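Taken in order, the sequence shown gives residues 1 to 290; the numbers are from our numbering.
Every residue gets a Cβ at the ideal spot worked out from N, C-alpha and C, and that includes glycine.
Just so you know, these numbers come straight off a predicted model, no measurement behind them.
Presented below is the structure to which this report refers.
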Amino acid sequence: MSGGEFETTAVLGAGTMGHGIAQVMAQAGHRVRLHDPGAGVVERGLDRIRRNLEKGVSIGKVTPEERDGALSRIGAADSVPDAARGASVVIEAAPESLELKRELFRAVEAEVAPSALLATNTSSLSIDQIAGGLEHPERFLGLHFFNPVHIMALVEVVHGPRTSEATRERGVALARALGKEPIVVRDSPGFASSRLGVALGLEAMRMVEEGVASATDIDKAMELGYRHPMGPLKLTDLVGLDVRLGIAEYLHETLGQAHFEPPTILREMVAEGRLGKKSGRGFHDWEDQG
Ligand SMILES: NC(=O)c1ccc[n+]([C@@H]2O[C@H](COP(=O)([O-])OP(=O)(O)OC[C@H]3O[C@@H](n4cnc5c(N)ncnc54)[C@H](O)[C@@H]3O)[C@@H](O)[C@H]2O)c1
């Protein structure tokens, strides 16, 4: 039932993540209905998908036939019911709001068979809380994709206490059918990726604060000593210091562990507007790097 040629997938939200999810689902042979209430968002999403696929063709990763096939399988839907009606898979990539996501899935459930797989791409909310209002929470799970979706290999398959084993297996199979590497994670704050990544980043900041080494050298320690493709401070600059601060506060609050308490240096840099690459400066200088 996963990754089949005749399955129909609804993707709700066509922003940063949604358009990428629609693309990889269509490339795996699904018919995709893409919905977003924002003016022109679906069109922009389709445009980005077209450009991603063109790029894929130009570097020899996608054949022209695969590009045309994928594009022919994606269509726009005007409403959530239109997107979800009769779909066997529904993936939500709407803004990070518990109420909004709960409401969306209630609307979705009215349109799909009890066997449909329902998945959220939330990066921080509790799977079980999102599933709170569902009649069939056993077919609900998290499929946490990474940005950019068509390039990043990892998918966290997040199961809540009410997610059935069959649903978990279906999530794993679906991720594999998309050419991704699934990891299975229990519903808990930060899942696996953010919890570990943020812990490393915060420790690196404390080391800068204590003058243990420069930001450049701390990054090199991980890049050259541990073969991380990018050091934790450079990564923090790319994600955005404000975004990282928000996640650290959330993890500190929910897990209550001292090592998630945001270091003073992070709070100060955010207050000064040193947010990383997007503001030109973070732990590193990005001004000349575009
Ligand atoms: N950006 C990332 O790097 C990233 C990575 C992993 C997971 N996520 C998660 O993915 C989800 C989407 O994030 P994003 O970065 O794509 O956000 P985004 O703001 O780029 O896109 C969200 C889209 O959802 C649309 N939307 C609003 N209400 C909607 C509704 N009722 N139904 C359908 N669509 C609706 C908005 O118009 C917007 O276009 C969030 O839960 C986020 O936490 C984001």
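In this structure the stretch 174 to 184 does not lie against the stretch 216 to 236, because fewer than three pairs of beta carbons, one per stretch, are closer than 8 Å. Under the DSSP assignment, F140 falls in the beta strand (DSSP E) whose first and last residues are F140 to H144. Taking the CA atoms as reference points, G13 sits about 32 Å from M269. DSSP, reduced to helix, strand and coil, places I151 outside both helices and strands of the structure shown, so it counts as coil. Assigned with DSSP and collapsed to three states, A199 falls in helix. The closest CA to that of A28, considering only A213, R73 and H35, is found on R73. Under DSSP, the beta-bridge partners assigned to V157 are L143 and V184. Residue side-chain check: V90 keeps its Cβ at 7 Å or more from all non-hydrogen atoms of ligand 1. Scanning its chain for C-beta atoms nearer than 7 Å, with the 5 sequence neighbours on each side dropped, one finds around G240 the residues L275, G276 and K278, in chain order. At a threshold of 7 Å, N52 does not count as near ligand 1, since its beta carbon sits no closer than that to any of the ligand's heavy atoms. At least 8 Å separates the beta-carbon of R139 from that of L154. Counting C-beta atoms within 10 angstroms of its own C-beta, D82 has fewer than 16 neighbours from the protein chains shown and is therefore classed as exposed. Contact between I91 and N121 holds, since their C-beta atoms are separated by about 6 Å, short of 8 Å. In this structure, S88 sits near A116, with a CB-CB distance shorter than 8 Å. Membership of T120 in any alpha helix (DSSP H) is not indicated; the residue belongs instead to the beta strand (DSSP E) covering L117 to T120.
Proximity of the beta carbon of T9 to ligand 1 is not indicated: no heavy atom of the ligand is located closer than 7 Å.
Taking non-hydrogen atoms of ligand 1 into account, the C-beta of M269 is found less than 7 Å away from none of them.
Between S123 and S194, the gap from beta carbon to beta carbon is short of 8 Å.
Here D187 is buried, its C-beta having at least 16 other C-beta atoms within 10 Å. Remark: the shortest separation between the CB of H252 and any heavy atom of ligand 1 does not fall under 7 Å. Under the 8 Å Cβ criterion, the stretch 93 to 111 does not count as touching the stretch 48 to 60, having fewer than three qualifying pairs.
The beta-carbon distance between H35 and S79, rounded to whole angstroms, is 7 Å. This is short enough to meet the 8 Å contact definition.
G282 carries a coil assignment under DSSP once its states are collapsed to helix, strand and coil.
Of the heavy atoms belonging to ligand 1, none sits nearer than 7 Å to the Cβ of P232.
Within the same chain, and ignoring the five residues on either side of F146 in sequence, the residues whose Cβ sits closer than 6 Å to its Cβ are M152 and L154.
Checking the DSSP bridge columns, you'll see E92 partnered with L12 and T120. For K61, the number of other beta carbons within 10 angstroms of its own is below 16, and it is reported as exposed. The C-alpha of E223 lies about 15 Å from the C-alpha of H284.
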